[in-house]
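Reminder that position 226 of the sequence shown reads as 719 in the working numbering, one-by-one numbering, no gaps.
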Amino acid sequence: MTKILAITNQKGGVGKTTTSVNLAASLANAGKRVLLIDLDPQANATMGSGTNKQVIQQTIYQVLLGELPIKSVRISELQGKYDLIPANRDLAGAEVEMVTLSQREIRLKAALVEIIEEYQYIIIDCPPALNLLTLNALCAAHAVMIPMQCEYYALEGLSDLVNTIKKVRANFNPRLRIEGLLRTMFDPRNILAQQVSDQLQRHFGDKVYRTVIPRNVRLAEAPGFGLPVLYHDRQSKGAQAYLELAQEVLKA
Ligand code: ATP
Ligand code: MG
């Protein structure tokens, strides 16, 4: 069985891409066959996996528009030991161009049929918006992982996201569930972060992952080398946290 996980939060800069890349690498490190899909025109997951978005021409964009089969854009033999469906700037146009196409919400889901059996985990890195790209991720996914920073406005955005997930469940994808909320960039010395974290646990209970991702400079450096943190500094707190998260995901 393949598990498709959408890493999503419409709030920007909360650690979606860092989580996508490092969870993909950590699951691959555990011996799983993993595919990472970059569904963000910023293409940070593509760059962070060691693929230059300026150079590649064939991406998820053509796949969503039905111009290329997904297999033909796939990149393998990355250092992170997972396969990648890359993105580049073109993807920003897909938002508009897909609107007139039939079944525009399930184009990613349909494209994945061809390769789904090859993987145990498919991780989708979403853009910071509740747009048609994110909707495609939510329609293709079995479950959602929500990375969030423990700050005041985090909770406000969360209710919009939970409502969107409810709507997707009602209209397109009845099996979709929230797999978990992930606390990212966590600084235990910050009292507000502690309070928001407590509030999250009270409200969402065991939907909150036990693993907490600390603020760690190695995590921020690694994309500059085009590497998951595991291959940049395996002993770092950031690398160890994502290995622990992978263990939690494997047990789910
Ligand atoms: P966007 O919404 O723009 O796609 P995002 O949610 O994908 O952003 P990231 O790109 O993963 O967020 O992270 C935002 C910034 O914070 C990046 O510069 C990243 O390197 C840094 N960062 C992410 N997680 C951590 C962490 N745990 N410790 C330190 N820096 C981090
Ligand atoms: Mg991102």
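From the three backbone atoms N, C-alpha and C, an ideal C-beta is built for every residue, glycine too. The structure presented is a predicted model; accordingly, all values stated were derived computationally and were not measured.
### Task
Look at residue 636 and residue 672 and say whether their C-beta atoms are less than 8 Å apart.
Yes, these two residues count as a Cβ contact at 8 Å.
### Query
Out of 702, 514 and 592, which has the shortest C-alpha to C-alpha gap to residue 578?
514
### Query
What whole-angstrom Cβ distance do residue 633 and residue 602 have, given they're in contact under 8 Å?
4 Å
### Message
Closer than 7 Å to a non-hydrogen atom of the ligand ATP - does that hold for the CB of residue 533?
### Response
yes
### Task
Tell me, please, whether the segment 556-574 touches the segment 614-624 by the rule of three or more beta-carbon pairs shorter than 8 Å.
no
### Task
Answer yes if the segment 686-701 comes into contact with the segment 661-675, meaning at least three C-beta pairs across the two stretches below 8 Å, and no otherwise.
yes
### Message
Buried or exposed for residue 721, going by 16 or more other Cβ atoms inside 10 Å?
### Response
buried
### Query
Which residue from 662, 625, 580 and 559 puts its Cα closest to that of residue 542?
580
#### Entry: Alpha carbon of residue 517 to alpha carbon of residue 723, nearest angstrom
11 Å
#### Entry: Cα-Cα separation between residue 573 and residue 594, rounded to whole angstroms
35 Å
### Task
With residue 600 as the anchor, note down where its alpha helix (DSSP H) starts and where it stops.
For residue 600, the uninterrupted alpha helix (DSSP H) run begins and ends at 600-605, by DSSP.
#### Entry: Inter-residue CB distance, residue 613 and residue 495 (contact presumed, cutoff 8 Å)
6 Å
### Message
Here's the rule: buried if 16 or more other CB atoms are within 10 angstroms of the residue's CB, otherwise exposed. What is residue 692?
### Response
exposed
### Query
Which value, in whole angstroms, describes the spacing of the CA atoms of residue 625 and residue 598?
7 Å
### Task
For residue 676, name the three-state secondary structure that DSSP assigns.
strand
### Query
Residues with a Cβ closer than 5 Å to any heavy atom of the ligand MG, in chain order?
509, 510 and 537
### Message
Output needed for residue 544: all residues of its chain with C-beta closer than 7 Å, excluding positions within five of it in sequence on either side, in chain order.
### Response
568, 577 and 579
### Query
Measuring CB to CB, does residue 640 end up less than 8 Å from residue 507?
yes
### Message
Closer than 7 Å to a non-hydrogen atom of the ligand ATP - does that hold for the CB of residue 731?
### Response
Yes, the beta carbon of residue 731 sits closer than 7 Å to at least one heavy atom of the ligand ATP.
### Query
Would DSSP call residue 658 helix, strand or coil?
The DSSP-derived three-state label of residue 658 is helix.
#### Entry: Pairwise C-alpha distance: residue 532 and residue 622
11 Å
### Message
Quick check on DSSP: helix, strand or coil for residue 691?
### Response
helix
#### Entry: Residue burial classification, residue 684 (beta-carbon count within 10 angstroms, cutoff 16)
exposed
### Query
By Cβ distance, which residues of its chain are closer than 6 Å to residue 504, with the 5 residues on each side in sequence left out?
650
### Query
Mapping DSSP to helix, strand and coil, what is residue 529?
Of the three classes helix, strand and coil, the one that applies to residue 529 here is strand, per DSSP.
### Message
Per DSSP, what are the beta-bridge partners of residue 642 in this structure?
### Response
Answer is 677, bridged to residue 642.
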